[in-house]
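The sequence shown begins at 1 in the UniProt record's numbering and counts up by one.
Just so it is clear, CB atoms sit at the ideal spot from N, CA and C, and this is done for glycine as well.
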Amino acid sequence: GRNELIARYIKLRTGKTRTRKQVSSHIQVLARKKVREIQAAIKVSSHIQVLARRKSRDFHSKLKDQTAKDKALQHMAAMSSAQIVSATAIHNKLGLPGIPRPTFPGAPGFWPGMIQTGQPGSSQDVKPFVQQAYPIQPAVSAPIPGFEPASAPAPSVPAWQGRSIGTTKLRLVEFSAFLEPQRDPDSYNKHLFVHIGHANHSYSDPLLESVDIRQIYDKFPEKKGGLKELFGKGPQNAFFLVKFWVSKTLQ
């Protein structure tokens with residue numbers, strides 16, 4: 001039989017004697033080992049397939065989300081301001097996530113006026129802050145059937161805060177820089193360089209522009225500390241930069 005032939009072959013090659021029962025047992029051991037190797041390979045292949053299917057599902061999910069986001073942005077691009085406001089109100093009523101709004105980069109503004117020689121300029125002439133590059137148009141929302149219009153939230157800060165020179169503890173009411181040269185013993189000629197007067201601010205006025213303090217350190221002396229030391233001591237929200245043009249020609 002087969003096992004007898006295998007035993008004779010082992011005897012010829014190695015000189016060792018094996019019975020038919022030993023040969024049969026060894027063949028069974030080798031067969032079980034081969035089966036285990038095949039099963040291990042099948043498990044590895046199955047695990048790889050599971051990972052591949054999971055990766056495919058994740059990819060398709062991300063692709064669907066990106067497609068939905070692109071469609072939403074395209075839909076918003078075709079909507080008017082009133083439609084966007086109305087859709088946002090509906091989302092807020094239903095507790096749905098808000099609609100993303102596109103943002104626009106700001107652009108530097110220009111000061112509208114120049115101070116004439118010897119004449120005080122308006123507070124707008126000496127504002128050191130840029131105006132908004134894009135004027136804000138009031139959004140007109142169409143009435144939605146079944147929903148009551150939401151009342152506007154009350155402002156938590158006064159209108160002047162962030163729009164004028166001042167903090168919650170101290171505000172600048174008026175400032176004038178002038179020179180009074182004496183022409184004769186009885187008369188003086190007042191030359192006004194700059195004047196910052198009181199203004200009634202509203203919430204529609206643009207906020208003041210923020211300036212990096214490091215850009216103007218070298219414009220102020222530092223022999224006794226200078227601006228850098230004062231700004232470090234704070235409070236930092238009490239520092240304001242005012243730019244203005246003057247005529248130094250005195251008559």
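**OP:** Please go through the UniProt domain "TEA" (1 to 37) and give each complete beta strand (DSSP E) segment of 3 or more residues, from N-terminal end onward.
**Re:** As far as the UniProt domain "TEA" (1 to 37) is concerned, it has no whole beta strand (DSSP E) run of at least 3 residues.
Subject >> Simplified DSSP assignment, three categories, for His191 >> reply: The answer is strand: DSSP assigns His191 an E or B state.
Original post:
Hey, Phe244 and Val194: beta-carbon distance below 7 angstroms or not?
Top reply: Phe244 is a Cβ neighbour of Val194, given a cutoff of 7 angstroms.
Original post:
Among Gln39, Asn237, Leu63, which has the Cα closest to the Cα of Glu209?
Top reply: The shortest Cα separation from Glu209 among Gln39, Asn237, Leu63 belongs to Asn237.
Subject >> Where Ile42 sits in the DSSP three-state scheme >> reply: Helix.
Subject >> Beta-carbon contacts of Asp205 that lie in its chain and below 7 angstroms, excluding the five residues immediately before and after >> reply: Non-local beta-carbon contacts of Asp205 in its own chain, meaning distances under 7 angstroms to residues more than five positions away in sequence, involve Arg163 in chain order.
**OP:** Quick one: give me the first and last residue of the beta strand (DSSP E) that Phe178 is part of.
**Re:** Taken as a continuous stretch (DSSP letters only), the beta strand (DSSP E) holding Phe178 covers 175 to 179.
Subject >> DSSP three-state assignment for Asp70, whether helix, strand or coil >> reply: For Asp70, the three-state secondary structure derived from DSSP is helix.
Original post:
Taking buried to mean at least 16 other C-beta atoms within 10 Å of its own C-beta, is Ile27 buried or exposed?
Top reply: With fewer than 16 Cβ atoms within 10 Å of its Cβ, Ile27 is classed as exposed.
Original post:
Quick one: Cα of Ala52 to Cα of Ser46, how far?
Top reply: The alpha-carbon separation between Ala52 and Ser46 amounts to approximately 10 angstroms.
Original post:
By how many angstroms is the C-alpha of Ile165 removed from the C-alpha of Leu241?
Top reply: Each residue's alpha carbon lies about 9 angstroms from the other.
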